[in-house]
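Engineer:
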Amino acid sequence: MNTERKSEVSENALAIGQALQNAVTKALDKKKKLGQYAVIWDDKTQTVKRI
636 MNTERKSEVS ENALAIGQAL QNAVTKALDK KKKLGQYAVI WDDKTQTVKR I
């Protein structure tokens, strides 16, 4: 088993992360415009928040 970890993130992984961030932002904006709400986890306070 290979237990070595790479310290750098590949360009492909960065592109995937950016695509996911864009998709979530778009979905939350759409929900806001439609008057719907979303439930998210807040790591700082470790609580569920309704936005």
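Counted the way the numbering used here counts, the sequence shown spans residues 636 to 686. Even for Gly, the Cβ is constructed at its ideal location relative to N, Cα and C.
For residue 675, name the three-state secondary structure that DSSP assigns.
Structural biologist: strand
Engineer: Please return the same chain residues whose Cβ sits closer than 6 Å to the Cβ of residue 644, not counting the five positions on each side in sequence.
Structural biologist: Excluding residues within five positions, none has a Cβ falling inside 6 Å.
Engineer: Could you say which of 649, 656 and 686 lies nearest to residue 667 if we only look at CA atoms?
Structural biologist: 686
Engineer: Output the distance between the C-alpha atoms of residue 679 and residue 653, rounded to the nearest integer angstrom.
Structural biologist: 22 Å
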